[in-house]
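A.B. asks: Have a look at this one before I ask anything.
Residue numbers (my numbering), protein chains in the order written: chain A, 1 to 96; chain B, 97 to 296.
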């Protein structure tokens, strides 16, 4: 059986990647609002996903305020696809 | 939410829950506002132009149609539009559709001016049917993307008016009313219907 990607097999990181799956770009406050995570924790998990190349992080200044936006990369999309396939395989074995 | 390990079933639930959350709240309300702003600008300009031409007989009054660019300039230079928290694929597709439509308007005006300078005949009369066709295509494509039938088919009314104008070939004052009514049918009314659906 395939191993589950340890980077995605964590509640907050999986939530972030899943949120980014169906939008083109989302900013930090949107992700914070939807995941109900603390800023510090979310920042750490975003950095981990970014270092792995799963998401692309853009930091800019908009109207004198810093803005951090994230988008899913092709590598991240493939990783999530692979992760879901592994989950299906695992659950399929449990049922049969 | 924390950085904790989850089991396989929780993972699947979390993925579907997050995807569901992105669907919620990404309404088109703001874009319907844009439809209403341009729709009403067209309708009001049409009526004003018709009244001026009717009572003064001065064809130069047709230049009031440049008022159609006012919402664009106000939005670009005077409104502070903060970047949205989230950009969906639909948002960016619609943005690109209207960028292309907007460019078609601008290039048509530029082409008419250049041709006018070269031929010494500045004839903006074709701008009206072409605008109906361009705006109609944009509205129809928007309707297809957001799956809103009322936007998809109503631009046919504008297309009918545009074909009628093109076959006539020369601008008459009632074209203003025809133009304004077309925008009422394919932009203002559908936008109100769609907004009411959101409220419900």
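By construction, the Cβ of each residue, glycine as well, lies at the ideal position given by its N, Cα and C atoms. Bear in mind the structure is a predicted one, so any value in this text is a computation, not a measurement.
(1) Our contact map puts residue 77 of chain A next to residue 55 of chain A with C-beta atoms below 8 Å; I'd like the distance itself, whole angstroms only.
(2) Between residue 73 of chain A and chain B, is any beta-carbon pair separated by less than 8 Å?
(3) Show which residues of chain A have a CB atom less than 8 Å away from the CB atom of residue 242 of chain B.
(4) At 4 residues or longer, what runs of the alpha helix (DSSP H) sit wholly inside the region 152-195 of chain B?
(5) Start and end of the alpha helix (DSSP H) containing residue 13 of chain A?
(6) To the nearest angstrom, report how far apart residue 94 of chain A and residue 3 of chain A are at their CA atoms.
(7) Around the C-beta of residue 218 of chain B, are 16 or more other C-beta atoms found within 10 angstroms, so that it is buried, or is it exposed?
(8) Do we get a CB-CB distance below 8 Å when we pair residue 57 of chain A with the residues of chain B?
(9) Are the CB atoms of residue 190 of chain B and residue 279 of chain B within a distance shorter than 8 Å?
(10) How many angstroms separate the CA atom of residue 234 of chain B from the CA atom of residue 131 of chain B?
(11) Just verifying my parser: in three-state terms, what is the DSSP assignment at residue 5 of chain A?
(12) Report, in whole angstroms, the separation of the C-beta atoms of residue 142 of chain B and residue 273 of chain B, which I expect to be a contact under 8 Å.
(13) Would you say residue 35 of chain A reaches chain B, if we count a Cβ-Cβ gap shorter than 8 Å as a contact?
(14) What ranges does the alpha helix (DSSP H) occupy inside the region 35-63 of chain A, keeping only unbroken runs of at least 4 residues that lie completely in it?
(15) First and last residue of the alpha helix (DSSP H) that includes residue 250 of chain B?
(16) Using a Cβ-Cβ cut-off of 8 Å, state whether residue 14 of chain A counts as contacting chain B.
(17) Kindly say whether residue 118 of chain B, judged by its beta-carbon, lies nearer than 8 Å to any beta-carbon of chain A.
(18) Around the Cβ of residue 8 of chain A, are there at least 16 other Cβ atoms within 10 angstroms (buried) or fewer (exposed)?
(19) Have a look at residue 229 of chain B and residue 258 of chain B and give me their C-alpha separation to the nearest angstrom.
(20) Would you list, in sequence order, the uninterrupted alpha helix (DSSP H) runs of no fewer than 4 residues that lie entirely inside the region 190-242 of chain B?
(21) With 8 Å as the threshold, decide whether the Cβ of residue 190 of chain B is near any Cβ in chain A.
(22) Using a Cβ cut-off of 9 Å, which residues of the region 104-115 of chain B contact any Cβ in chain A, in chain order?
(23) Is the CB of residue 24 of chain A under 8 Å away from at least one CB in chain B?
(24) From which residue to which residue does the alpha helix (DSSP H) around residue 280 of chain B run?
C.D. replies: Based on what the coordinates show:
(1) Their Cβ separation, rounded to whole angstroms, is 10 Å, which puts residue 77 of chain A and residue 55 of chain A out of contact at 8 Å.
(2) By this cut-off, residue 73 of chain A is not an interface position.
(3) Those do not exist, as residue 242 of chain B stays about 15 Å from chain A at its closest Cβ, beyond 8 Å.
(4) If we require 4 residues or more, the alpha helix (DSSP H) runs fully inside the region 152-195 of chain B come out as 166-169.
(5) Looking at the DSSP string, the run of the alpha helix (DSSP H) that includes residue 13 of chain A is 11-21.
(6) Straight through space, the alpha carbons of residue 3 of chain A and residue 94 of chain A are spaced by roughly 15 Å.
(7) Label assigned to residue 218 of chain B: exposed.
(8) No, no contact with chain B.
(9) No.
(10) Straight-line Cα distance between these residues: approximately 11 Å.
(11) In this structure, residue 5 of chain A counts as coil in the three-state DSSP scheme.
(12) At roughly 6 Å, the Cβ-Cβ gap stays under 8 Å, so residue 142 of chain B and residue 273 of chain B are in contact.
(13) Any Cβ of chain B closer than 8 Å to the Cβ of residue 35 of chain A would place that residue at the interface, and such an atom is present.
(14) 39-51, all fully within the region 35-63 of chain A.
(15) For residue 250 of chain B, no alpha helix (DSSP H) encloses it, and the DSSP letter there is neither H nor E.
(16) Flagged as an interface residue toward chain B: residue 14 of chain A, by a C-beta distance shorter than 8 Å.
(17) Chain A contact via Cβ: present.
(18) Buried: at least 16 other Cβ atoms inside 10 Å.
(19) Those two C-alpha atoms are separated by around 7 Å.
(20) Every alpha helix (DSSP H) stretch that sits fully inside the region 190-242 of chain B and reaches 4 residues is listed by chain position as 223-242.
(21) Using a CB distance cut-off of 8 Å, residue 190 of chain B does not count as an interface residue toward chain A.
(22) Residues passing the 9 Å Cβ filter: 104, 105, 106, 107, 108, 110, 111, 112, 113, 114 and 115.
(23) Yes, residue 24 of chain A counts as interfacial toward chain B.
(24) No alpha helix (DSSP H) contains residue 280 of chain B, which DSSP labels as neither H nor E.
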